[in-house]
Structures are given as C-alpha cells and as structure tokens.
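Heads up: the sequence shown at position 2 corresponds to 258 in our numbering, and the numbers run straight through without jumps. Beta carbons: idealized from backbone N, C-alpha and C, even for Gly. Only one structure is covered here, and it is reproduced in the block below.
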Amino acid sequence: YGMQLMAHLLGGDVVAEGKREYGPATVEIAERAGIFEGLSGQERAWVSHGDTVRRPPDGFTVLARTASVPVAAMTDGRTRYAVQFHPEKSQRLGLALIANFLKWKP
Numbered sequence: 257y258g259m260q261l262m263a264h265l266l267g268g269d270v271v272a273e274g275k276r277e278y279g280p281a282t283v284e285i286a287e288r289a290g291i292f293e294g295l296s297g298q299e300r301a302w303v304s305h306g307d308t309v310r311r312p313p314d315g316f317t318v319l320a321r322t323a324s325v326p327v328a329a330m331t332d333g334r335t336r337y338a339v340q341f342h343p344e345k346s347q348r349l350g351l352a353l354i355a356n357f358l359k360w361k362p
C-alpha cells in the first residue's frame with residue numbers, strides 16, 4: 257500500500273473500491289521515460305489491491321493506468337515514484353523498472 261499511503265499523505269484522493277483488482281492486468285504506460293524508459297506502451301503486470309488512487313497529489317504526473325484504475329503509477333518528477341502493481345511478479349517489467357530506477361538521476 258505504499259502508493260496509496262504516499263498519495264493520501266501528500267493530498268491525493270484514495271478510495272476504497274467495492275471490488276478488488278486482483279490478478280494479471282495490462283498496464284498502459286502514458287509516459288515511457290524515467291522508470292518506464294525502454295518499455296512498450298503496454299506491459300503485463302500483477303495487481304492486488306482494494307484501495308485506488310483516483311487523483312494523485314498536486315505536482316504529481318500519472319505515468320500509467322489499467323483498464324479499471326486511473327493511476328497505476330505516478331511521479332513528482334524529482335524524487336518520488338510509486339506503482340500500484342507488483343513489478344516483482346513480472347521478470348521483464350520488474351527487471352526493467354529496477355534497472356531504470358537504479359540509473360535514474362533527478
């Protein structure tokens with residue numbers, strides 16, 4: 257629940273959905289830079305959550321979404337990135353995100 261907590265504490269809108277998003281999902285990447293550099297416009301990921309970020313905090317940009325979640329990844333463009341899926345469950349996506357994060361410079 258790291259992304260939901262970050263959004264809540266920084267003034268975004270987090271809601272408890274009536275239905276959990278659980279299982280494989282297609283993540284639509286809106287901005288293929290930063291941690292998403294080199295990835296395609298759509299990647300498969302594992303999702304498992306009941307709370308959803310409906311609006312990111314002021315100053316944050318939405319980087320990705322799924323069919324049922326408007327904010328699946330976000331950044332403040334400086335020092336904070338957050339994802340609402342499990343990159344560790346997808347070798348391709350997870351390895352790319354970790355590699356991009358390690359070489360990323362604000």
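- Inter-segment contact for the stretch 287-295 and the stretch 266-276 is absent: fewer than three beta-carbon pairs are separated by less than 8 Å.
- Annotation for Trp-302: Gly-279, Pro-280, Ala-281, Phe-341, His-342, Lys-345 and Ser-346 place their beta carbon closer than 8 Å to its own, counting only its chain and skipping 5 residues before and after.
- Annotation: the stretch 280-335 contains the following complete segments of the beta strand (DSSP E) (minimum length 3 residues), in chain order: 298-311, 317-321 and 329-331.
- Assignment of Gly-258 by DSSP, reduced to helix, strand and coil, places it in the helix class.
- As the crow flies, the alpha-carbon of Arg-276 is around 22 Å from that of Gly-350.
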